[in-house]
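Protein chains: 4
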Amino acid sequence: MESIGSTRWVVAEGYIPSPGIKEDRALESHETFCILNTGPDDAQISITLFFADRAPVGPCGVVVPAERTMHLRAYDLDDPEPVPRDTDYATVIEPNVPVVVQHSPLDSRPEAFALLSTVAFPAL
Amino acid sequence: MESIGSTRWVVAEGYIPSPGIKEDRALESHETFCILNTGPDDAQISITLFFADRAPVGPCGVVVPAERTMHLRAYDLDDPEPVPRDTDYATVIEPNVPVVVQHSPLDSRPEAFALLSTVAFPAL
Amino acid sequence: MESIGSTRWVVAEGYIPSPGIKEDRALESHETFCILNTGPDDAQISITLFFADRAPVGPCGVVVPAERTMHLRAYDLDDPEPVPRDTDYATVIEPNVPVVVQHSPLDSRPEAFALLSTVAFPAL
Amino acid sequence: MESIGSTRWVVAEGYIPSPGIKEDRALESHETFCILNTGPDDAQISITLFFADRAPVGPCGVVVPAERTMHLRAYDLDDPEPVPRDTDYATVIEPNVPVVVQHSPLDSRPEAFALLSTVAFPAL
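The listed protein sequences correspond, in order, to chains A, B, C and D. Residues in the first sequence are numbered consecutively from 25, following this note's numbering. Residues in the second sequence are numbered consecutively from 25, following this note's numbering. Residues in the third sequence are numbered consecutively from 25, following this note's numbering. Residues in the fourth sequence are numbered consecutively from 25, following this note's numbering.
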C-alpha cells in the first residue's frame, strides 16, 4: 500500500499521571501514540516535547517499520531524557514519510479511571 | 442525498480487550466502526488490518447499503481471519464511494470501563 | 464576529442508551449536538437521521440564533418522529450558514457510565 | 521550530460541572484548553465565550510564550468575568500567530467521573 497521512503531527494535550494500577502493563496509567506506517519504507520519526516552563526537549528518534503499526508509550521515551510524570507537556511528531498518529491516554488512578483517544492534528 | 465523506479512512488506534461483561452484547468489550453511506449507491468497502510485528491482513470486504449506516464490530470481521484480542492493531478502510467513518471502542473489563469515540482520519 | 465553520456536518456514531440516572437531567443518558453560530444571522438547520435497516428520517428543523450556542439533545428531536433509544443511527446536520458542531454523548447506565466528545466531520 | 497550527480554533462543547473532588487540583472538575506555541514569538491570544441565551463575552487575553505549552483551565479565566459553572457555553480562540489547541474536560462529580479530550476545530 502507498504511504498515507502527514509528515507532521501535533498533540497539544499531554500528561502522564501517577501509575495507578501497577501490576498490569495493560492497565497502568500511560499515554500511547498510535502510529501507522502503511507505506513501503521504514519511517524515521523525530519526536519533540514542549513544556510550560522550560525549553523544548528532543528530538528523540524512533523507527516504525514499513507496513507496521507501533503503539508507543510516552513513558518508554527516555532519550535524551524520560518524559516526566504529573507534568503538562505537548508533543510534535515528525516522520520522514507520511504516517497517521492517534493519541490514547489511559488514567488508572483509582479515583480517576479513564481511557480516551483522539486523532492528532495533522500540520502538513 | 448525495455521497458525503472520503474514500479512504485510517484508524491508527486499535485494541480489542478481553470481553469484560459477557452476558450483554451492548456492554461487552468491543470496537465499533460506525460507517455512514448517505449516497444513492451501495458502498463496497475494503478493510485492511496492520499489526506491530507481522504483515498486513486483508482486505476484508463489507457492504453498507445506500442511505444506511452500519455500526460494524471489529470482532465480527473474520475473513480472512478474526481480529485477535489483546493485540495492538490499526485499520485502513477504503470504500468505492465516499462514506464517513467514526471509531468507538467500549472497554468493559471491570477494572477499566470506558467508552470513547473519534472521527477516523480522512486520507483522501 | 463573522460566521465560522461548515454548512454540512456528519456524526456517524449515534446511540441513545436507556435512561440510566433518571432524576437529574444533567446526568440522564443523552446525546448532545453542541452547535455554535458565531455569525450575525440566525442559522436555519436541517437534521437528517440515518438508520441500519430503514429509510432516512427528516429533515427536522431547528434554529440557532445569531451569536449563540445551542446544546441540543437528540432525544428532544421529535419532528417528524422521536429518535429511538437503544438503536444505532447516524446524523447529517446542514445549516444555511456556517456553524461548528461537536457531538457529546453521556451514558449513565450504572454499569456503563461514560462521557465523551468529538468534533463532527465537516463535509463542506 | 517554526509556528504550527491555525490562528482560529473553535470548541463548541463547553460545560464546567460542579467541583466534584475538591481537595486535589488534579482531580477537581475542570475544562482545560491545551495550547501549544511551537514558534519563535509569544502568542497573544483572544478568547471569546458564547452562551445559549445572552450576548458573547470577551475577548479575554492570555499569552503563551514562544516554544511553550499552556494548559489553561477555563475556570481560571476571569476577565472580564468568570466562566459560570453548570452552564452550556462555547469558545472561540484566536491567537495572533499559529498555535494548536486541544480541549480536555475532566468531570469528577462522584456519580459522573469522566476524562475526555478532542482537538479543537481549526477554522483558519
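Here a beta-carbon is modelled for each residue, glycine too, at the ideal position from N, C-alpha and C.
Residue i, enclosing beta strand (DSSP E) - first and last residue
i: LEU96/A; result: 92-97
i: ALA67/B; result: 67-75
i: TYR113/C; result: 113-119
i: VAL86/C; result: 81-88
i: VAL34/C; result: 33-35
Assumed close pair residue i, residue j - CB separation to whole angstroms, cut-off 8 Å
i: VAL116/D; j: ALA67/D; result: In fact, because the Cβ distance is near 15 Å, the residues do not count as touching under 8 Å.
i: ALA147/D; j: ARG32/D; result: 4 Å
i: GLU37/D; j: ILE69/D; result: Not confirmed; about 19 Å, so no contact.
i: HIS95/A; j: THR56/A; result: 5 Å
i: VAL88/B; j: VAL123/B; result: 6 Å
i: ASP112/B; j: TYR39/B; result: 6 Å
i: VAL107/B; j: TYR99/B; result: 6 Å
i: ILE28/A; j: VAL34/B; result: 6 Å
i: SER128/D; j: CYS58/D; result: 6 Å
Residue i: CB within 7 Å of a non-hydrogen atom of the ligand COA
i: ALA147/C; result: Ligands displayed in this structure: none; no statement on the ligand COA is therefore possible.
| field | Stretch pair the stretch 54-63 of chain C + the stretch 77-84 of chain C: three plus CB contacts closer than 8 Å | value | no
| Residues of the stretch 101-132 of chain D whose Cβ lies closer than 7 Å to any Cβ of chain A, in chain order | VAL124, VAL125, GLN126, SER128
| request: Give, in chain order, every residue of the stretch 25-40 of chain A whose Cβ lies closer than 8 Å to some Cβ of chain B. | output: MET25, ILE28, GLY29
| message | Closer than 7 Å between beta carbons: that is the criterion. Which residues of the stretch 56-87 of chain D meet it against chain A? | response | Answer in chain order: CYS58, ILE59, LEU60, THR62.
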